[in-house]
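Here's the structure we're looking at; comments come further down.
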Amino acid sequence: MMGGCSDETLQGGPTSMTMRRAALQPVIIGAIASALVITIFYFFLTEDINTEIASVEKNKGNLAGSLARQAGLHVQTAVAALEVAADMPQIQSTEYSDLISEENKGIPVAADMEKRNVQKAILSAVPSFESVAFLMPNGDVYSVEPSILQQNLPVVNFAYRDYYTEVTNRQSIYVSAAFQSTATYNYTSVIAVPVFKDGSFVGILVGALNLGVINEQLRVLDLDENELALIVDADWNEIASSDRPAGDTAPRRSFSHLQDIVGDTTISARTDASGEDVYVTHAPVDLGSNRWSVLLIQPYSDAFRDVYLHQSEALSIIAITVGIMSVSGYMLFRSMLGNVRLTDRLEDVNEELKGLNQSLKRDKASLESLSSELRSKNQHLEYLAKELDLKATQLKEMDAAKEEFAAMITHELKTPLVPIVGYTELLADGTLGELTPVQKEKVQLMHDSAVSLSRLISDLLDIRKLELGKMKFDVLETPVKDILEPVVDSFKPLAQSKQITLTYAPAQGGNSSNLVLSCDPRRIQQVLNNLISNSIKFVPEKTGVVEVMARRNADSIEFAVKDNGIGIPEEKQAGLFRKFYQVDTSLRREVGGSGLGLAISKGIVEAHSGKIWFESNPRTGSTFYFSIPAVNNATGGSKA
Ligand code: ADP
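Position 443 (the sequence shown) corresponds to 443 in our numbering; numbering is contiguous.
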């Protein structure tokens, strides 16, 4: 049976695609989650940065606004002081205007002390005022405090000055553009207020406001590195700056290039006209007839350093997070993929097992079919065996019948030959009357042929009997001499006629006359007959030698018939003892023979439990041996 791989094991299980999808799912979910987290993180970061930027901008805006308010307050305080004074009758009174002289650059210092006292009071109330002057509607100087300045004035009439023109024309307060004092290098702005008495324009109260105070305010600000706080006038020329002390002799700087990008509002701008990346915060200082601006200027990278530091830190964190997520995602994916591969391999193995299972099933089926085929073949063979048995029995029966027939035929053939042989012999030897030589010769031929035929029939009968084990052996204790001598003697006449030497030698070193053999002497003589007859046939006439020998071995008696005849070629030796075997040569054909002699001899020897063999070669001739156990009974045939 299919041990170990049941069908249940082999069935089912998700397909490779499903497994792959299953492995990819967490990875995709992870990737989406990461993207979401990063997006949210980035969103909050952007929000945070925007908030920080806004906060920086707001702080700077606040500072600029506060500076603008302070500057405005400074000017407004001065304006207010002048306005308050302008309402006072001491200022409105111009009763000493007749005393104005070119020489005094106004009225004499001692005249109109009341007005001068108010002017002094303004100076002490607003310390930034360097001087406070009163001008007549035609622009002539009336009085200047501190009075020392009045005497040093270059001219007495100031109608040419912008504030005179502005105030006269518009009859309202005027704050002039700032200018650098040639004496103190301080920036100064002139504030001019029209003075009315009973609705009539009676003069102008003018204060020269030192802006050094504002400058000092900028100087003490806690600014960032590279940050510059400025106040510029309407022409965008500096009037105060955080990087220069009041009264600095350096040339006045213009910031008009920032005018276009800053505009009117308090917003900030990034790039200045020179292409430098700066951050400018702007706050206007509204002075009514004039307008100044507070500017905070800083390189952009400095202004938002903390923000960008924070941003780059956050971006680094994002990058690290993305990196970690990617790596762990990749590892996860790989391990998932590894699982998928393992699953794939398992599936492959499963598939292979399935295939194996199926092939085993097929093998089993084919084995079963083979087995059933074998069974049927077996049955068929059994049937055939029975048939064969039947046929064998039939054949045996047929054989027996045939043997009987052959025996009968042979017997019937041999029987008529007996009188033929007998009477032709009587005829030939003249017993039945003298015959003519020709008649005698023919009768002799008839006799020889009949003898040959009779011998052939005897041989045929013998071989058949031997094969069937039906040859009869009359076993007697017989001296070997009694067996050998008559045979040798019977061949003597033939040998003599051919001048062949035929000897019978007793065994070397022993006396064959003592040897006794338990055998059928006639059959042993038949064997010797065959062997001697063959030797005589194949030795040359005159020089031929045939020796017959017998000797006692340890437990057998060995006979030998040796000749110096034509021998038997080695390639023809095998099969020599088979019946009807003949070595085919012209000489052999000449001498004739049935090819039964050696087969019969072998049968007789073996029936006596003996052995028969030979040594032969065409140069020296042949020696045929046979040995019979010393005390033995012939077997293979029936004993007499
Ligand atoms: P056959 O009756 O024809 O002689 P055998 O069985 O006696 O038949 O001998 C078989 C063959 O063996 C013969 O045809 C012969 O050629 C060969 N043969 C037997 N004895 C000898 C021998 N001594 N020398 C040479 N050839 C022999």
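Glycine included, each C-beta is placed from N, C-alpha and C at the ideal position.
When the distance is taken between beta carbons, is residue j closer than 7 Å to residue i?
i      : j      : result
Val79  : Ile173 : yes
Val527 : Ser535 : no
Phe626 : Gly610 : yes
Trp292 : Asp222 : no
Val322 : Glu52  : no
Val195 : Ala86  : yes
Val421 : Val451 : yes
Ala192 : Tyr160 : no
Phe134 : Ser143 : yes
Ala283 : Asp235 : no
Val294 : Leu67  : yes
Arg252 : Gln180 : yes
Lys542 : Gln582 : no
Ile628 : Ile532 : no
Gly621 : Gly565 : yes
Leu205 : Ile91  : yes
Can you pull the DSSP bridge partners for residue i?
i      : result
Phe43  : Paired residues: none, contrary to the question.
Ala229 : Leu296
Ala652 : The chain is shown only over 1 to 640; residue 652 falls outside these bounds and no answer can be derived.
Ile612 : Phe626
Ile406 : The sequence given here has Ala at residue 406, not Ile. Ala406 is not bridged to any residue.
Arg291 : Asp286
Leu476 : Cys519
Gly106 : Ser101
Asn617 : Gly621
Over the uninterrupted alpha helix (DSSP H) stretch that includes residue i, give me the two end residues.
i      : result
Met549 : Note, Met549: premise wrong, no alpha helix (DSSP H); beta strand (DSSP E) at 545-552.
Thr623 : Counting along the chain, Thr623 falls outside any alpha helix (DSSP H), though it belongs to the beta strand (DSSP E) covering 621-629.
Tyr121 : One detail in the question is off: residue 121 reads as Ala in this sequence, not Tyr. Counting along the chain, the alpha helix (DSSP H) containing Ala121 begins and ends at 113-125.
Leu517 : It is not in any alpha helix (DSSP H) - Leu517 instead sits in the beta strand (DSSP E) that spans 516-519.
Ser601 : 597-607
Thr165 : 162-170
Pro89  : 89-92
Indicate the three-state DSSP secondary structure (helix, strand or coil) for residue i in the structure shown.
i      : result
Pro137 : coil
Thr436 : coil
Tyr300 : helix
Ser312 : helix
Ala208 : strand
Asn152 : coil
Ile566 : coil
Leu10  : Its pLDDT being 44, under 50, Leu10 is placed unreliably by the model, and nothing is read from it.
Lys572 : helix
Val443 : helix
Lys481 : helix
Asp277 : strand
Gln180 : strand
Ile557 : strand
Leu128 : Per the sequence shown, the amino acid found at residue 128 is Ser instead of Leu. It is coil, neither helix nor strand.
Tyr96  : coil
Gly510 : Reliability fails at Gly510, whose pLDDT of 49 lies under 50, so the model's placement of it is uncertain and the value that follows must be treated cautiously. Coil.
Tyr174 : strand
Tyr423 : helix
Glu145 : strand
Gly430 : coil
Val202 : strand
Ser254 : strand
Cβ of residue i less than 7 Å from any chain B Cβ?
i      : result
Arg305 : Although the question refers to chain B, the structure presented lacks it and comprises just one protein chain.
What whole-angstrom Cβ distance do residue i and residue j have, given they're in contact under 8 Å?
i      : j      : result
Ile107 : Leu82  : About 20 Å separates the two Cβ atoms, so there is no contact after all.
Ala208 : Thr188 : 5 Å
Leu228 : Ser241 : 7 Å
Ser616 : Gly544 : That pair is no contact at about 15 Å.
Asp286 : Gly61  : Wrong, their Cβ atoms sit about 16 Å apart, outside the cutoff.
Leu453 : Ile600 : The pair is not a contact, with the Cβ atoms about 17 Å apart (cut-off 8 Å).
Gly593 : Lys579 : About 12 Å; that fails the 8 Å criterion.
Val561 : Val548 : 5 Å
Leu517 : Val480 : 5 Å
Thr94  : Gly212 : 32 Å between Cβ atoms; not a contact.
Leu476 : Pro521 : 6 Å
Asn530 : Leu598 : 7 Å
Leu63  : Leu296 : 6 Å
At which residues does the beta strand (DSSP E) containing residue i begin and terminate?
i      : result
Phe196 : 187-197
Glu238 : 238-241
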